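This report concerns only the one structure given below.
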Amino acid sequence: RRTPSIVQAAQARDPLLDFARSCVRGFYSDPRSLESRFLYDAEGSALFEEITRQPEYYLTGTEASILAAHSQEIRELTGPSRILELGSGSALKTDHMLKAWLEQGGTTRYYPVDVSAAALSAACAGIRSRFPAVKVVGVQCQYRDVFPLLAQLSPVLVAFLGSSIGNFSPEEMRAFVRSLAAALCPGDFFLLGLDLVKERALLEAAYNDQAGVTARFTRNLFARMNRELGATIDLDAIEHAAWYRPDQELVEVSARFTREQTFRLTPPGKTITIGQGELVRTEISRKFRLERVVPELEGCGFSAERVFTDERGWFALLLLRR
Ligand code: AVJ
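Start counting at 1 in the sequence shown, then tack on 21, and there's your number in the UniProt record's numbering.
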């Protein structure tokens, strides 16, 4: 009997209706604000991979350099645990970890978790071809649906890289970290990537790349509504807008409607009008300060074992222990 290579942790009620309802809620909220998890359909996941290759988007390369320098030490500290990666995308950064795990012996089990089936099968296929000795099982679900499975995977290291936790509001982040701590067994690990507060120009360049890939990524959310919800949004009348808010220490990403548009989402059968010049927020990307975030994480059920950063101090990788 073969273990299936991709399993679904929780059957989403109705994924289409989930998307449709979330869009309606988001368009009617004040300020208008859509849930960023819907950015990652097959197209959006591919576009995000392209973002990570843009010269201005320093996050991925910087985090990879930290992983390259410290994966051996991380493996020494965690022992031969299983690795479960939340929001794995194409999982290229994980290569450094898998290399360290294999070098220090034993079979390595790797569980990438992603909402996008396409991104997940690409990640699984890539890992299998680069690391034939690693046992890979992809889990297709939202992050929270994997929590009930974690106790069975102990000893486990949960990796949440790329500063994806920055998409959460402070309250959402605390709730997420607390439930993760509650789901893990004592002695399990959480490896968390965090983008740090830095000069505004660097941050704004990273979210406004010259090649316009981030703009395509933002517009894809509306293209997805056209594809899946029968909307008729004119994508040429939507501009990507991203700026840093130093007061809240986050990058806010929005779509600006350059003319008034009325469109219908079916399901759920609702008509929406967005006025000329109006903004619809698609993401926040919070930036962190170690002196604040480490105590906060420690207040949510973890102890910080190690903090790794790059020489420019742009990005941090935290090894936390439950
Ligand atoms: C995948 C959430 C980490 O916030 O930097 C990149 C998403 N959006 N460019 C980020 C993103 C626009 C990214 N995360």
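All C-beta atoms, glycine included, are put in the ideal place defined by N, C-alpha and C.
As the structure is a prediction and not an experimental result, all values here were calculated from the model.
Host alpha helix (DSSP H) of residue i (start-end)
i, result
"D39", "36-49"
"G214", "Looking at the DSSP string, G214 is not in any alpha helix (DSSP H); the run it does join, the beta strand (DSSP E), is 210-216."
"F69", "63-73"
"A276", "It is not in any alpha helix (DSSP H) - A276 instead sits in the beta strand (DSSP E) that spans 271-278."
"residue 345", "This structure cannot settle anything about residue 345, because the visible part of the chain is limited to 22 through 343."
"E319", "311-319"
"Q29", "Looking at the DSSP string, Q29 is not in any alpha helix (DSSP H); the run it does join, the beta strand (DSSP E), is 27-29."
"D230", "Run containing D230: none; DSSP gives neither H nor E here."
"L174", "171-174"
"R149", "138-151"
Rounded C-alpha distance that separates residue i from residue j
i, j, result
"E124", "I104", "15 Å"
"T128", "K156", "8 Å"
"D257", "Q75", "23 Å"
"D39", "C145", "26 Å"
"H261", "E319", "36 Å"
"M118", "I259", "40 Å"
"H91", "W122", "12 Å"
"E299", "T279", "8 Å"
"E64", "E70", "10 Å"
"L341", "D116", "20 Å"
"I254", "I95", "47 Å"
"S200", "A154", "32 Å"
"P133", "F152", "14 Å"
"C321", "Q297", "43 Å"
"R245", "M194", "27 Å"
Buried versus exposed call for residue i [16 or more other C-beta atoms within 10 Å across all chains shown]
i, result
"D35", "exposed"
"S137", "buried"
"C206", "exposed"
"A140", "buried"
"G187", "buried"
"S109", "buried"
"Y49", "exposed"
"L47", "Looking at the sequence itself, residue 47 is Gly, so the reference to Leu does not match. G47 comes out buried."
"E312", "exposed"
"L171", "buried"
"E317", "exposed"
"P267", "exposed"
"L37", "exposed"
"T99", "buried"
"A203", "exposed"
"K62", "The residue asked about is misnamed: residue 62 is Asp in this sequence, not Lys. The residue in question, D62, is buried, as its Cβ has 16 or more Cβ neighbours within 10 Å."
"S66", "buried"
Limits of the beta strand (DSSP E) - the one that residue i falls within
i, result
"Y79", "Not the beta strand (DSSP E): Y79 falls in the alpha helix (DSSP H), residues 79-99."
"A258", "That residue, A258, is in no beta strand (DSSP E); it is neither H nor E in DSSP."
"A180", "177-181"
"V155", "155-157"
"A325", "324-330"
"F197", "Note, F197: premise wrong, no beta strand (DSSP E); alpha helix (DSSP H) at 191-204."
"F238", "Not the beta strand (DSSP E): F238 falls in the alpha helix (DSSP H), residues 234-250."
"R333", "Taken as a continuous stretch (DSSP letters only), R333 belongs to no beta strand (DSSP E), as it is neither H nor E."
"Y131", "129-135"
Beta-carbon proximity of residue i to residue j, cut-off 8 Å
i, j, result
"L250", "V179", "no"
"A325", "L338", "no"
"I72", "F336", "no"
"A276", "T303", "yes"
"V160", "L224", "no"
"A30", "D166", "yes"
"S184", "G214", "yes"
"D209", "P176", "yes"
"F211", "R343", "yes"
"L174", "F309", "no"
"V274", "L68", "no"
"R221", "A252", "no"
"N229", "L60", "no"
"R307", "E270", "yes"
"A85", "K114", "yes"
"S26", "V158", "yes"
"A291", "V28", "It is Lys, not Ala, that sits at residue 291 in the sequence shown. Going by C-beta atoms, K291 is not nearer than 8 Å to V28."
"A232", "Y79", "no"
Identity of the residues DSSP links to residue i by a beta bridge
i, result
"E304", "V274"
"residue 344", "Residue numbering for the chain in the displayed model covers 22 to 343; residue 344 lies beyond these limits and cannot be assessed."
"K291", "L286"
"S54", "R302"
"Q297", "Answer by DSSP bridge pairing: none, since Q297 is not bridged."
"A263", "V274"
"E281", "In the DSSP output, where bridge partners are listed per residue, E281 has none listed."
"E124", "Per DSSP, none; premise fails for E124."
"I186", "Answer is none; I186 lacks a bridge partner."
"R103", "V177"
Residue i CB to nearest heavy atom of the ligand ZN below 7 Å
i, result
"G183", "Only the ligand AVJ can be found as ligands here, which leaves the ligand ZN out of the picture."
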